[in-house]
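Residue numbers (my numbering): 9 to 147. So the structure is just underneath, and the comments pick up after that.
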């Protein structure tokens, strides 16, 4: 149950922030918005790490996996704000959810998580949903 509560917080906070980014980008560049996001991550991550772990250390042995994750998330964040600079907020947010398909397929291939008919149907529905949210009938 706790995991679902955290995901609810994630969806709400990221959803509101993604919407507000469009307003912020009226006076800030995409790179400035991304830098402010990094500062926000630092301001929240350090106290969260201290609160949860009671120390501010990261094991060196974990860096081969942890460092690329941080780097990929940071580069992905830059790509998102650059896309948001050129696209409507709703469209950018809808298209960005396509990462779910990537995660499910990578998890199936590398982690051997099951990929049955229900998950395949879910991937199709996600893809169709993103396509519908992206479709502009006025064109």
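The C-beta atom is built at its ideal place from N, Cα and C for all residues, glycine as well.
Residue 34: first and last residue of the uninterrupted alpha helix (DSSP H) it sits in: What you label residue 34 is simply residue 26 of the chain shown in a count that begins at 1. From DSSP, residue 34 is part of no alpha helix (DSSP H); its letter is neither H nor E.
Validate contact between the region 79-93 and the region 36-48 using beta carbons, cut 8 Å, 3 pairs: The region 79-93, when compared against the region 36-48, does touch it at the 8 Å Cβ threshold.
Exposure label - residue 29; buried when at least 16 CB within 10 Å: Walking along the chain shown from the start, residue 29 turns up at place 21. Result: buried.
Segments of 4+ residues assigned as alpha helix (DSSP H) that fall wholly inside the region 50-103: For the region 50-103, whole alpha helix (DSSP H) runs of length 4 or above, ordered along the chain, are 71-94.
Beta-carbon proximity of residue 109 to residue 140, cut-off 8 Å: As a position in the chain shown, residue 109 is number 101, starting the count at 1. As a position in the chain shown, residue 140 is number 132, starting the count at 1. Their beta carbons are not under 8 Å apart, which means residue 109 does not touch residue 140 by this criterion.
Host alpha helix (DSSP H) of residue 116 (start-end): For the purposes of this step, residue 116 is taken as residue 108 along the chain shown, with counting starting at 1. Here the alpha helix (DSSP H) through residue 116 covers 107-119.
Stretch-stretch touch, CB-based, cutoff 8 Å, three pairs: the region 59-76 with the region 113-121: Too few Cβ pairs lie closer than 8 Å, so no.
Where the alpha helix (DSSP H) containing residue 137 begins and where it ends: Start at 1 with the first residue of the chain shown, and residue 137 comes out as number 129. Element bounds for residue 137: 125-142.
Assumed close pair residue 138, residue 105 - CB separation to whole angstroms, cut-off 8 Å: Indexing the chain shown from 1 puts residue 138 at position 130. Indexing the chain shown from 1 puts residue 105 at position 97. Their Cβ separation, rounded to whole angstroms, is 6 Å, which keeps residue 138 and residue 105 in contact under 8 Å.
Local Cβ density within 10 Å of residue 20, reported as buried at 16 or more and exposed below that: Counted from its first residue, the chain shown places residue 20 at position 12. Burial call: exposed.
Residue 56, buried or exposed, once every other Cβ within 10 Å from all chains shown has been counted against 16: The count along the chain shown starts at 1 and reaches residue 56 at position 48. It counts as exposed.
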